[in-house]
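Number of protein chains: 2
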Amino acid sequence: MKLEKLVGDRFKERPSDCLVESHTFMVRGGYLKSVANGIFSSYMPLKRITRKIEQILREEMDAVDGQEVQFPVVMPASLWQESGRYESIGKEMARFNDRSGSPLVLGMTHEEAAVQLVRDYGQTYSKYPFMIYQIQTKFRDEARPRAGLIRVREFTMKDAYSFHTSQEDLEKYYEKCHKAYERIYARAGLPEVVSVASDSGMMGGSVSHEFMLLTPIGEDSIVLCEECDYRANMEAAECILQNQRDEISEALTMVHTPDIHTIEDVCAFLHCETKTSCKAVVYQRNSDDSYVVLFIRGDLEVNETKLTNYLGGDVHPAVITEDCGLQAGYIGPVGLENKNLTVLFDCSLEGLNNLSCGANKEEYHYTGLDMTRDVAHAEYHDFAKIQQGGICPHCGKPAITISRGIEVGNIFQLGTKYTKTMGMTYDDQNGETKYPIMGCYGIGVGRLAAAICEAHHDEHGPIWPLAVAPWQVHLCAVRADDADVKAYADKLYEELQNKGLEVIYDDRKVSAGVMFSDADLLGVPYRVIVSPRNCKQGQVEIVSRDKAFSETASMDTAAEEIAKILAAATEEARQILK
Amino acid sequence: MKLEKLVGDRFKERPSDCLVESHTFMVRGGYLKSVANGIFSSYMPLKRITRKIEQILREEMDAVDGQEVQFPVVMPASLWQESGRYESIGKEMARFNDRSGSPLVLGMTHEEAAVQLVRDYGQTYSKYPFMIYQIQTKFRDEARPRAGLIRVREFTMKDAYSFHTSQEDLEKYYEKCHKAYERIYARAGLPEVVSVASDSGMMGGSVSHEFMLLTPIGEDSIVLCEECDYRANMEAAECILQNQRDEISEALTMVHTPDIHTIEDVCAFLHCETKTSCKAVVYQRNSDDSYVVLFIRGDLEVNETKLTNYLGGDVHPAVITEDCGLQAGYIGPVGLENKNLTVLFDCSLEGLNNLSCGANKEEYHYTGLDMTRDVAHAEYHDFAKIQQGGICPHCGKPAITISRGIEVGNIFQLGTKYTKTMGMTYDDQNGETKYPIMGCYGIGVGRLAAAICEAHHDEHGPIWPLAVAPWQVHLCAVRADDADVKAYADKLYEELQNKGLEVIYDDRKVSAGVMFSDADLLGVPYRVIVSPRNCKQGQVEIVSRDKAFSETASMDTAAEEIAKILAAATEEARQILK
């Protein structure tokens, strides 16, 4: 490919809407163009990258006995009504009617389609286990697309679905897929991706993992233990606390606290720390707007995923009306029992005494709250977000750190949620009718490309790993107006292509500065420089994009030399995988 | 791949909704499953076929300097408003609103997206020509999906868009693409596909061609000349007639024709042939419901594409109301001049005399109509469908035949329709601002797969050409319960795979009958049979799916033998291409 004919513009200025490096470089380097909020077209360089990623995904899925299939982008609503998700999923799912008025949806995930495809096939135990996967376009109407390809509305995804006759078999296969994922990231140049235990969210099921690239620009919070290998995302991390009770319990005392509402103000007024207070956080259930009051230690935050999992339904922050029976700013656990509310207690409060809290009376708080004495009926559950320095649920040491990460893949043990709701059964060895157990395994292709760019770039542009780079060699004919340079570079271009190498060739009559800054933006791993000075010395320069490698080769043997360097680099990558 | 683990069912019975062979075999062979009307999921065999077709498309598009890009499936309505097609395209385009209420559409073609992607890039003449293409999902809400993959609502398409600075350059490139298309069909095993001149329909532009597989199950009518190489689709074929006027004109005479409405009844009543009558066909414009009366020779049919092209807008068959001024069943050209209608005359009537026609009076017709004498003001245009035995517009001989065909691709010279409406311009050598000229080039992947199946099957199943077959070799271990058979077949399977061949291996303990009928449905070009009898003789059988080839090989050298046969077949296909 001649760079001169490559469709797409490259330029220097960071566009004002580009807040992360991968987005910036992909716009500045002519990789993509915005079509609408969170919807992009790809130019050739990005298309070549994503195709290479897709090929890695395909090979690794085939290696774990996956069968490539294809589900439709557009599906009938009836399929999603079978599983119940037509109702339970909100505005993220695009819905429309066809010309005859039948409701259709755009696929944002394909569990339903997978079950529909194999429901007739998988009727006897001997067909199991099996796994099907596809690489296909999905649409998810995200409320806040951001950061270029990191969070979009339309994306290409590899999604895989496995079917099993026992939990043990699922777990064995799940482990195999976990390893396949590690290979995928390593092959794509991101061996640093880690897996973390995660919450399953709308997918159903129990055990699940997210694969995370740790980076400050990530939108997920990852909980890591510095002492052991515990890793979880914030939603899934258990918050363990060692509650310290004072020896002497003071008396429960009502205090006048005029115009004081927030927990911080109350504690400042009472000269105590927020961790010696009992905070009320109020929600309403989405289903019927009924109130849920959650008491938690004043210095902690609520993990809403834990709350909705406990309640079995979504909630939203409450709107506290005059007639709802709650005194906004003054809610406390004493005297709240008889109201028509769901009242919950976080483990952080269990056994504590000498706490401040609301008195359920306007302008009044209590001090001297003793949970054991004053709220004897309370049951305690884990609703709190784990904190930096917190106790590791695995090794028990106070060594928790919290990092940011980009989720670049996930795997779920789904159980029988979909097979049960959609009536997929098989006969086992004894003729008994059973529901198959499912796993599912997803990787977003564009986001992975962006994550690779986030992990591998310098201030001038991306540094694509060889396995996913749009081209392998970037051939620069510096001073292409020099006849010797042009003639030799043309010949080298021909020779490299004949050796099966992927070459982008820049023979434009532009300055070396323009040439190299364009090459930096395209991020091709090896750059070959032909220039009048090099020609005079009978040599070409070969440098790697990351500057780790730089050598000269004789003009006569340059093509072989370059092919050898690439073969060695490919072999090295293969060795690391083993 | 072991057949035993291949997801999908194969069975004998033709499903009642399968009316064409490709659909029947794809359902019976476990290639696809219906998800909704005109929407399918693909199992692994079909996915492998379509991926191979896609790779052929990619290679041939790359060979004509195409750059692979990707446009979104979901696009903002605003993009289609720019070109005017948001209004002009009807219910085929799926439309919905996103969560913020912004109107979106599903791409059914991507001219708008192509212009949007390159509008900023192509601002100077030096960037031209260039071609971008994608292979991507499209959705078209067809009123009548039919025949499996022949006419669907969701499909994968290769669509390419070229941009030029002169009509000559477009034409040169168009010719190059035409040749690339011929190579594509030849490589995919359909060298018999022909190109026909076509009407451009909603795409705009003037010159266009459709690539047709001639088959009785096709839904398009193709006009072919037996004497020269003229080929056109029905919509585009000019109807040439040599009108014969009688020597003596009879007088225009009103005749009482009670209860007679159709042209056939009138002619029977008057004892004349339909071709000596002047038939009125009445339409209403879609835009304002105004009436259009078209007079045409009684034995001919109206080509509505020609009519709408002439009128510059769509029409529908008229609803003739009492107060519209038309006498249904008795409409004629005499005395209709002063009514508020568009009155049109087909060339088939020019100069004719002694015709029967309606008298614009209930229960009355005329005989003795002389177009020259009685309808002196008439202007004549070509609105008729060409007929079997008609005159070839190219060589002038009465050698027209009409065949049915499946359209498996199309190419269009679009002109500046999209660049003008969407404001894409470039500066030419003289600094003048101009609109680039576009071409576009489409091939539906699934329909091509179905067309290959229509052209290549026997009564037992598809006979896939080697280049697109789901696998290259179908290895049958007949009597896999025989230890020798199983051991040898296992070894051969291993060897064939090590040679890089794509093998589907059937080692199920089923009868040879079941094994072979499954193999027939999968249509793999070469079948290798290991059986107790063969083993005793120290040999394996190698037969081609089309039965043209059958030989035995020694068990010791079978793997090499098979690899050689495949290499020879591949080479033969390559030679034919040259």
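Going down the list, the protein sequences come from chains A and B.
If you're matching positions, the first sequence starts at 1 in the working numbering and goes up one per residue.
If you're matching positions, the second sequence starts at 579 in the working numbering and goes up one per residue.
Where a beta carbon is used, it is the ideal one built from N, C-alpha and C, also for glycine.
With a threshold of 7 Å (Cβ to nearest heavy atom), would residue 871 of chain B be considered close to the ligand NAP? Absence of the ligand NAP from the depicted structure is noted, as is the absence of any ligand whatsoever, leaving it without description.
Of all the residues that make up the region 912 to 940 of chain B, which are near chain A by a beta-carbon distance shorter than 9 Å? Per Cβ criterion, the list is empty.
Please state whether DSSP places residue 1105 of chain B in a helix, a strand or coil. strand
Between which two residues does the beta strand (DSSP E) harbouring residue 76 of chain A extend? Start and end: 74 to 76.
Residue range of the beta strand (DSSP E) that residue 842 of chain B falls in? It is not in any beta strand (DSSP E) - residue 842 of chain B instead sits in the alpha helix (DSSP H) that spans 841 to 848.
How about residue 196 of chain A and residue 210 of chain A: are their beta carbons less than 8 Å apart? yes
Who are the neighbours of residue 180 of chain A on chain B, taking C-beta pairs under 8 Å? Correct list: empty, because the minimum Cβ distance to chain B is about 18 Å.
Alpha carbon to alpha carbon, how far is residue 1065 of chain B from residue 177 of chain A? Give it in angstroms, no decimals. The straight-line gap from Cα to Cα measures roughly 30 Å.
In the region 852 to 869 of chain B, which residues sit with their C-beta less than 9 Å from some C-beta in chain A, listed in chain order? none
Going by Cα to Cα distance, which pick from B:1124, B:1096 and B:803 is closest to residue 604 of chain B? B:1096
Among B:857, B:749, B:1059 and B:1137, which residue has its Cα nearest to the Cα of residue 961 of chain B? Closest option to residue 961 of chain B, judged by alpha-carbon separation, among B:857, B:749, B:1059 and B:1137: B:857.
Would you mind sorting residue 216 of chain A into buried or exposed? The rule is 16 or more other CB atoms within 10 Å of its CB. exposed
With 16 other Cβ atoms within 10 Å as the buried cut-off, status of residue 376 of chain A: exposed
Which residues in chain B have a C-beta closer than 9 Å to the C-beta of residue 99 of chain A? List them in chain order. 668, 669, 670, 672, 719, 720 and 721
Please say whether residue 923 of chain B and residue 957 of chain B have beta carbons closer to each other than 8 Å? yes
To the nearest angstrom, how far is it from the Cα of residue 549 of chain A to the Cα of residue 527 of chain A? Residue 549 of chain A and residue 527 of chain A have their alpha carbons spaced roughly 10 Å apart.
For residue 295 of chain A, count neighbouring Cβ atoms within 10 angstroms of its own Cβ and tell me buried if that reaches 16, exposed if not. buried
What is the rounded straight-line gap between the Cα of residue 450 of chain A and the Cα of residue 150 of chain A? 6 Å
What does DSSP give as the partner residues of residue 798 of chain B in its beta bridges? B:983
Would you say residue 1071 of chain B reaches chain A, if we count a Cβ-Cβ gap shorter than 8 Å as a contact? no
State the start and end residues of the unbroken beta strand (DSSP E) segment that holds residue 159 of chain A. Following the DSSP letters along the chain, one finds residue 159 of chain A inside the beta strand (DSSP E) bounded by residues 154 to 164.
Contacting positions in the region 591 to 616 of chain B - beta carbon closer than 7 Å to chain A: Listed in sequence order: 611, 613 and 614.
Is the separation between the beta-carbon of residue 461 of chain A and that of residue 520 of chain A shorter than 8 Å? Yes. Within cutoff.
For residue 458 of chain A, which three-state DSSP category applies? strand
Taking the alpha helix (DSSP H) that residue 115 of chain A falls in, what are its first and last residues? 111 to 118
For residue 715 of chain B and chain A, any beta-carbon pair shorter than 8 Å? yes
Excluding the 5 residues preceding and the 5 following residue 99 of chain A in the sequence, name in chain order all residues of the same chain whose CB lies nearer than 6 Å to its CB. none
Backbone secondary structure at residue 308 of chain A - three-state DSSP: In the structure shown, residue 308 of chain A sits in a helix (DSSP, three-state: H, G or I).
Proximity below 8 Å, CB of residue 478 of chain A to CB of residue 531 of chain A: yes
Start and end of the beta strand (DSSP E) containing residue 131 of chain A? 130 to 139
Cβ distance (whole Å) where residue 124 of chain A is taken to contact residue 427 of chain A below 8 Å: Their Cβ separation, rounded to whole angstroms, is 5 Å, which keeps residue 124 of chain A and residue 427 of chain A in contact under 8 Å.
Per DSSP, what kind of secondary structure is residue 930 of chain B in: helix, strand or coil? coil
Using three-state DSSP, classify residue 44 of chain A as helix, strand or coil. helix
For residue 15 of chain A, list the residues DSSP reports as bridge partners. Paired residue(s): none; residue 15 of chain A is not in a bridge.
Cut-off 8 Å between Cβ atoms - residues of its own chain near residue 156 of chain A, not counting five sequence neighbours on either side: 50, 54, 135, 136, 137, 138, 444, 445 and 446
Listing by chain order, which chain A residues have their CB less than 7 Å from the CB of residue 686 of chain B? Neighbours of residue 686 of chain B on chain A: none; closest Cβ ~12 Å, over 7 Å.
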